[in-house]
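Novice:
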Amino acid sequence: MTPNKLIPLAEAVRRYTWDGMQYASGAALPIGSDAIVFGRELLRQGRRDLHAIFHSSSQQLNLLAGAGAAVKAECGFSALEVFGFANGLRRAVESGGMALEDYSNLAMVLRYLGGALNWPFVPATTNIGSDIQYRSAFAPDQHPARDKIPAVTDPFSGREIGAYRPLTPDLAAIHVTLADMTGNSIMLGTEWSRFELSRAAKKVVVVADAIVDSGCIRQFPNLVRIPDLIVEAVVYWPFAAWPQGSPGLYDVDEEHMNLMNQALATQAGTDRYVADFVTGYDGLDSYLDMIGGARLAELARTETAFLLDPYRQWILSPDHVERLSAKAEAA
Amino acid sequence: MSALDYTRQEMMAIATGREIRDGELAIFGVGLSMLAGYFAQAHHAPNVRAMTEGGVYGATPVGGLPWGIECNRLSVNATSFTNALDALGFLVGSGRCDVGIIGAAQVDKFGNVNTTGIWDGEIGEAYRPPKTRLPGAGGANDIACGAKRTVIMVTHEPKRFAEKVTYISSPGYLEGGNARERYGFPGGGPAAIITTLGILRPDAETKEFRLESWFSFSSIEEIKANTGWPLKVAPGAHVVPEPTEPELAALRRVDQTGALRRKA
Numbered sequence: 000m001t002p003n004k005l006i007p008l009a010e011a012v013r014r015y016t017w018d019g020m021q022y023a024s025g026a027a028l029p030i031g032s033d034a035i036v037f038g039r040e041l042l043r044q045g046r047r048d049l050h051a052i053f054h055s056s057s058q059q060l061n062l063l064a065g066a067g068a069a070v071k072a073e074c075g076f077s078a079l080e081v082f083g084f085a086n087g088l089r090r091a092v093e094s095g096g097m098a099l100e101d102y103s104n105l106a107m108v109l110r111y112l113g114g115a116l117n118w119p120f121v122p123a124t125t126n127i128g129s130d131i132q133y134r135s136a137f138a139p140d141q142h143p144a145r146d147k148i149p150a151v152t153d154p155f156s157g158r159e160i161g162a163y164r165p166l167t168p169d170l171a172a173i174h175v176t177l178a179d180m181t182g183n184s185i186m187l188g189t190e191w192s193r194f195e196l197s198r199a200a201k202k203v204v205v206v207a208d209a210i211v212d213s214g215c216i217r218q219f220p221n222l223v224r225i226p227d228l229i230v231e232a233v234v235y236w237p238f239a240a241w242p243q244g245s246p247g248l249y250d251v252d253e254e255h256m257n258l259m260n261q262a263l264a265t266q267a268g269t270d271r272y273v274a275d276f277v278t279g280y281d282g283l284d285s286y287l288d289m290i291g292g293a294r295l296a297e298l299a300r301t302e303t304a305f306l307l308d309p310y311r312q313w314i315l316s317p318d319h320v321e322r323l324s325a326k327a328e329a330a
Numbered sequence: 000m001s002a003l004d005y006t007r008q009e010m011m012a013i014a015t016g017r018e019i020r021d022g023e024l025a026i027f028g029v030g031l032s033m034l035a036g037y038f039a040q041a042h043h044a045p046n047v048r049a050m051t052e053g054g055v056y057g058a059t060p061v062g063g064l065p066w067g068i069e070c071n072r073l074s075v076n077a078t079s080f081t082n083a084l085d086a087l088g089f090l091v092g093s094g095r096c097d098v099g100i101i102g103a104a105q106v107d108k109f110g111n112v113n114t115t116g117i118w119d120g121e122i123g124e125a126y127r128p129p130k131t132r133l134p135g136a137g138g139a140n141d142i143a144c145g146a147k148r149t150v151i152m153v154t155h156e157p158k159r160f161a162e163k164v165t166y167i168s169s170p171g172y173l174e175g176g177n178a179r180e181r182y183g184f185p186g187g188g189p190a191a192i193i194t195t196l197g198i199l200r201p202d203a204e205t206k207e208f209r210l211e212s213w214f215s216f217s218s219i220e221e222i223k224a225n226t227g228w229p230l231k232v233a234p235g236a237h238v239v240p241e242p243t244e245p246e247l248a249a250l251r252r253v254d255q256t257g258a259l260r261r262k263a
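The structure is reproduced here in structure tokens:
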């Protein structure tokens, strides 16, 4: 029998996360598909001292950093693109509350690749010669840093290059557009580094905007870049990336992106934001109510909606998913 | 001034777009550099093979400046979605990309770029957090190492033009001369720094950036006054041709939401 891995979000966080862990998410660029609800739930359950691995920061890391839950982070890019600096992250870094180790965007995916392949190191032909190599927030007293991107010799050319340390995070919470109940997942839009991260992480939880019948997976197996055999659990959560966007399903919520980032600029604002938008809902229905029906409908009127057309016939209704989830819990 | 009314930001974008040649494999960052790049495509480089590091290919932005390189304003008409390893690794880090446009918070006389942070003075021996944290390198370091040439776009202010950047996020010519050669980068380094006042290009030997041309609303004196090192003027320095009507029209079609039209 096909295993049913659907579990509630709160249960996924209880089961697969702990204080001080290396937690990876945000693998789809700063304002795109990211499992932001997973970060909200980490805060709801009071997780702390996290070592965050985010290829690019997103509103999730902005929130975790702003709320003081992450004490270390490794990133290639740590702002919100056209929405500007990530104020919560910025406050945490500038105050010394979170040590942020800088890499480039290519470096981060290569480090996932190295972790996925169990390589001892990955040759670095970029990031060398710049302060990304010479300065380390994790070993601030070393200058030049010795353990971050140490120099190694290319055995073929004799040239000095660098070595990236591979990443194997304890858990990756990965946002996907569609998943079946066993964890086979389809991502619409750029996958950025979700493919490599899914192989580098010790465990993977997928957070899906929609659940599909497995017929969909068998129709498009080439598009299933995250297969069930590496997935521990599936969380069904529509608008999981809100206020960021999910191609085919919903646009970026410009107003809330700004509201959230402005709130995270101060401790008082962060406390208010957490009260209103993190602990201020209880379960999926009340999360959707919190965003508001009119707003949800507006965000769902995305010009990219046609991207979802080939898959629509297999999308399961919320009631159907609820019945499947109940079955999984009973099992 | 000509009869055309345009902003300094628009002139900077047009001058940057003029660096892009038809048919090139080109990579653009989010924001202004994307507008400059897609302006080139709309005006004189219809066959430019434009991409962003997001791995979203074949797309032309709709509805104005995209919020990000993964955003629905680009995803809406893409012909291929891939990933970071493909865009930044296979197509840029490999040395295949012809030209990249990157931004800077701070740039120095050898074209080194800081987008990581602002410190009060030097960082010192031990690393310490910046007074103001900036976005970090993103893909710009990989573009600066891998693209055959880069164009740096930056607002011309004294605080942004330093003798030496506090933190090298993305390498230009490092300490100048042939310093880049130590690292075997496939890319050749920055071909130009294009600002809100004019254009700087590197000396062929020393790699020190010199003033090559200024915009018609600017002057050698104004540019020198806004540069944090004793800026040399290249022989034959001249004024940059103003935007033509077709150029401005093409830019404004791309910059539908008017990001560049707000006067600073």
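Chains A and B, in that order, give the protein sequences. Sequential numbering from 0 applies to the first sequence in numbering that gives the first Met the number 0. Sequential numbering from 0 applies to the second sequence in numbering that gives the first Met the number 0. Beta carbons are placed, not taken as given, at the ideal position from N, Cα and C, and that holds for glycine. Here the structure is a predicted model, which means the values were calculated and not measured.
Would you call F276 of chain A buried or exposed, if buried means 16 or more other Cβ atoms sit within 10 Å of its Cβ?
Specialist: Flag for F276 of chain A reads buried.
Novice: Just the chain B side, please: which residues come within less than 9 Å of G244 of chain A by C-beta, in chain order?
Specialist: Near G244 of chain A (Cβ distances below 9 Å), the residues of chain B are W66, G67, E69, C70, N71 and S74.
Novice: For a test of the three-state rule: what should DSSP assign to H255 of chain A, helix, strand or coil?
Specialist: The answer is helix: DSSP assigns H255 of chain A an H, G or I state.
Novice: For chain A, find out if any of its Cβ atoms is closer than 7 Å to the Cβ of I167 of chain B; answer yes or no.
Specialist: Yes, because at least one Cβ of chain A sits closer than 7 Å to the Cβ of I167 of chain B.
Novice: Looking at the structure shown, is G75 of chain A part of a helix, part of a strand, or coil, going by DSSP?
Specialist: Looking at G75 of chain A - three-state DSSP - the assignment turns out to be strand.
Novice: Does DSSP put M0 of chain B in a helix, in a strand, or in coil?
Specialist: Confidence in M0 of chain B is poor, its pLDDT being 46 and thus under 50, which makes the residue's placement unreliable; the coordinate value appears in the next sentence. The answer is coil: DSSP assigns M0 of chain B none of H, G, I, E or B.
Novice: What does DSSP give as the partner residue(s) for A249 of chain B in the beta ladder?
Specialist: The partner list for A249 of chain B (beta bridge, DSSP) is empty, contrary to what the question assumes.
Novice: So, with DSSP's three-state summary, where would you put G255 of chain B?
Specialist: According to the sequence provided, residue 255 of chain B is Gln. The question's Gly does not apply to it. Reduced to three states, the DSSP call for Q255 of chain B is coil.
Novice: Does P307 of chain A get closer than 7 Å to chain B when you measure Cβ to Cβ?
Specialist: Here the sequence assigns Leu to residue 307 of chain A, which means Pro is not the residue at that position. So, not an interface residue.
Novice: Any C-beta of chain B sitting closer than 7 Å to the C-beta of E93 of chain A?
Specialist: It does; some Cβ of chain B falls within 7 Å.
Novice: Is the separation between the beta-carbon of G75 of chain B and that of R148 of chain B shorter than 7 Å?
Specialist: For the record, residue 75 of chain B in the displayed sequence is Val; it is not Gly. Cβ distance not < 7 Å, so V75 of chain B and R148 of chain B don't count as in contact.
Novice: Which residues in chain B sit within 8 Å of I30 of chain A, going by Cβ to Cβ distance?
Specialist: Simply W66, G67, E69 and C70.
Novice: Please classify P29 of chain A: does DSSP put it in a helix, a strand, or coil?
Specialist: The answer is coil: DSSP assigns P29 of chain A none of H, G, I, E or B.
Novice: Since T194 of chain B sits in a beta bridge, which residues does DSSP pair it with?
Specialist: Its beta-bridge partners are B:V153.
Novice: Taking L73 of chain B as the reference, give the member of B:S79, B:N82, B:L87 and B:A58 with the closest Cα.
Specialist: Ranking the options by Cα distance to L73 of chain B, first place goes to B:A58.
Novice: Once DSSP output is grouped into helix, strand and coil, what is the label at R261 of chain B?
Specialist: The answer is coil: DSSP assigns R261 of chain B none of H, G, I, E or B.
Novice: Where do the N-terminal and C-terminal ends of the beta strand (DSSP E) with R235 of chain A fall, by residue?
Specialist: In the sequence on display, residue 235 of chain A carries Tyr and not Arg. Unbroken beta strand (DSSP E) run through Y235 of chain A: A232 to Y235.
Novice: Measuring straight from C-alpha to C-alpha, what distance separates M0 of chain B and T195 of chain B?
Specialist: Caution is warranted here: a pLDDT of 46 is assigned to M0 of chain B, below 50, making its placement in the model unreliable, and no coordinate value can be reported.
Novice: Distance, Cα to Cα, C74 of chain A vs A23 of chain A?
Specialist: Going from the Cα of C74 of chain A to the Cα of A23 of chain A covers about 10 Å.
Novice: Tell me, to the nearest whole angstrom, how far the beta carbon of M97 of chain A is from that of A91 of chain A; I am working on the premise that it is less than 8 Å.
Specialist: At roughly 4 Å, the Cβ-Cβ gap stays under 8 Å, so M97 of chain A and A91 of chain A are in contact.
Novice: Give, in chain order, every unbroken run of the alpha helix (DSSP H) that is at least 4 residues long and sits entirely within the region 141-215 of chain A.
Specialist: Qualifying alpha helix (DSSP H) stretches, in chain order: 193-199.
Novice: In chain A, which residues lie with their C-beta within 7 Å of the C-beta of V153 of chain B?
Specialist: Within chain A, no residue comes near V153 of chain B; the closest Cβ sits about 17 Å away, beyond 7 Å.
Novice: At a CB distance below 7 Å, what residues from the region 182-207 of chain B approach chain A? Give them in sequence order.
Specialist: Within the region 182-207 of chain B, the residues whose Cβ lies closer than 7 Å to some Cβ of chain A are Y182 and G183, listed in chain order.
Novice: Please tell me whether L28 of chain A and E69 of chain B are closer than 7 Å, where the distance is taken between their beta carbons.
Specialist: For L28 of chain A and E69 of chain B, yes; Cβs fall inside 7 Å.
Novice: Quick check on DSSP: helix, strand or coil for S56 of chain A?
Specialist: Looking at S56 of chain A - three-state DSSP - the assignment turns out to be coil, as it is neither helix nor strand.
Novice: Could you tell me whether the region 226-243 of chain A touches the region 47-62 of chain B, using the rule of 3 or more Cβ pairs below 8 Å?
Specialist: Result no; under three Cβ-Cβ pairs closer than 8 Å.
Novice: From M186 of chain A to R145 of chain A, what does the alpha carbon distance come to, in whole angstroms?
Specialist: For M186 of chain A and R145 of chain A, the distance between alpha carbons rounds to 38 Å.
Novice: If we ignore side chains and look at the alpha-carbon of each, how far apart do V150 of chain B and E190 of chain A end up?
Specialist: Whole-angstrom Cα-Cα distance: 27 Å.
Novice: For S285 of chain A, which of helix, strand or coil comes out of DSSP?
Specialist: Three-state result, S285 of chain A: helix.
Novice: Using the beta-carbon count (16 or more within 10 Å), is H237 of chain B buried or exposed?
Specialist: That one is exposed.
Novice: Looking at P168 of chain A: is its Cβ nearer than 7 Å to the Cβ of R110 of chain A?
Specialist: No; because the gap between Cβ atoms is not below 7 Å, this pair is not in contact.
Novice: Tell me which same chain residues have a C-beta within less than 7 Å of the C-beta of I160 of chain A, skipping the five on either side of it?
Specialist: For I160 of chain A, where only same-chain residues beyond five positions count, the Cβ hits under 7 Å are P122, A123, T124, I127, V151 and D153.
Novice: Are there 16 or more other CB atoms within 10 angstroms of the CB of L99 of chain A, so buried, or fewer, so exposed?
Specialist: That one is buried.
Novice: Could you tell me which residues DSSP pairs with T131 of chain B in its beta bridges?
Specialist: For T131 of chain B, which the question treats as bridged, DSSP gives the partners B:I117.
Novice: Buried or exposed for F38 of chain B, please, with buried defined as at least 16 other CB atoms from any protein chain shown within 10 angstroms of its CB.
Specialist: Under this definition F38 of chain B is a buried residue.
Novice: For N183 of chain A, count the other beta carbons within 10 Å of its own beta carbon; 16 or more makes it buried, fewer makes it exposed. Which is it?
Specialist: When all chains shown are included, N183 of chain A counts as buried.
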